[in-house]
Amino acid sequence: MSKIMLVIVGAVALVILCAAIFIAPNTKDNSKPILVITVNDLSKVNVSKGQQFQIELTSNPTTGFTWQLNDMYDHTTVRYISNQFTPATNNIGSPGLDVWTFEALRPGITDLQFSYSQSWDTTTPAAESKTYNINVTN
Numbered sequence: 367m368s369k370i371m372l373v374i375v376g377a378v379a380l381v382i383l384c385a386a387i388f389i390a391p392n393t394k395d396n397s398k399p400i401l402v403i404t405v406n407d408l409s410k411v412n413v414s415k416g417q418q419f420q421i422e423l424t425s426n427p428t429t430g431f432t433w434q435l436n437d438m439y440d441h442t443t444v445r446y447i448s449n450q451f452t453p454a455t456n457n458i459g460s461p462g463l464d465v466w467t468f469e470a471l472r473p474g475i476t477d478l479q480f481s482y483s484q485s486w487d488t489t490t491p492a493a494e495s496k497t498y499n500i501n502v503t504n
């Protein structure tokens, strides 16, 4: 083999090795698993500081009703991350789950209050309400 061919083979091997090191998945995951809270769970929830948790609420936004989070919770204890609706089927008008994701920031207690209503109708009381008492521990 010529010297040029050896250099090329060595360079290719080095590129593959570097790619394997930088692209390899991180097998050391020190994060805590996401706690999922369904509508059937108790309203008192214990989570650890740094842990993400999700609240799943049955919903059907095609009716005009959606879950709204009351903004009066302690934002220093719990941080809102996202809200996403996942339909139960691919059928138009299908109900599903409204998934609310939060992160526990520091030890403390706060209430997360949700109301199921039509956002444009401010005179009619919510069709349903849910309150979750979140207790964040170390």
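Residue 367 is where the sequence shown starts when you use this note's numbering, and the numbers rise one by one after that. C-beta atoms are modelled at their ideal positions from N, C-alpha and C, and glycine is treated no differently.
Ignore the nearest five residues each way along the sequence and tell me which others in Thr503's own chain have a CB closer than 8 Å to its CB.
Asn412, Val413, Ser414, Lys415, Pro473
Mind pulling the beta strand (DSSP E) runs of 3 or more residues that sit fully within the segment 394-449?
401-403, 410-414, 418-425, 431-435
For my contact list, Val444 and Thr476 are in at a C-beta cut-off of 8 Å; report their separation, rounded to the angstrom.
6 Å
Local conformation of Trp486 per DSSP, three classes
coil
Coil, strand or helix - Leu478 by DSSP
strand
Does Leu471 come out as helix, strand or coil in the three-state DSSP assignment?
coil
Ignore the nearest five residues each way along the sequence and tell me which others in Asp487's own chain have a CB closer than 7 Å to its CB.
none
Taking all protein chains shown into account, decide if Ile458 is buried (16 or more other Cβ within 10 angstroms of its Cβ) or exposed.
exposed
Is it right to say Ile421 is buried, meaning 16 or more other beta carbons lie within 10 angstroms of its own, or is it exposed?
buried
Put Asn504 into one of helix, strand or coil per three-state DSSP.
coil
Same chain, Cβ closer than 7 Å to Asp440, five either side skipped, listed in chain order
Gly474, Thr476
Measuring alpha carbon to alpha carbon, tell me which residue in Gln418, Val465, Lys496, Thr442 is nearest Phe451.
Val465
Return the bridge partner residues of Ser495 from the DSSP annotation.
Ser481
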